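Taking full-length UniProt numbering, the leading residue of the sequence shown gets 1, the next gets one more, and so forth. Ideal Cβ placement from N, Cα and C applies to all residues, glycine included. Keep in mind the model is a prediction, meaning the values are calculated, not measured.
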Amino acid sequence: MSERKWPNGVAYNQHYLWFHVLEDEISHRGQIRMLKNKLFENYVKYCSFL
């Protein structure tokens, strides 16, 4: 696997890039799960209020 360099001189390769893509994806999935749970909790509270 060939290495390249960022403009600041730090070396990287495809493994480095894909690791960070997947790390970001996992983070977003956690955020989405949290938001869905909060929306569901608020919906249940609202429905029980009616």
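Ignore the nearest five residues each way along the sequence and tell me which others in SER2's own chain have a CB closer than 8 Å to its CB.
ASN13
Exercise. Out of curiosity, what's the CA-to-CA distance linking TYR43 and GLN31?
Worked result: 18 Å
*Between the CA atoms of HIS20 and LEU35 - distance to the nearest angstrom*: 23 Å
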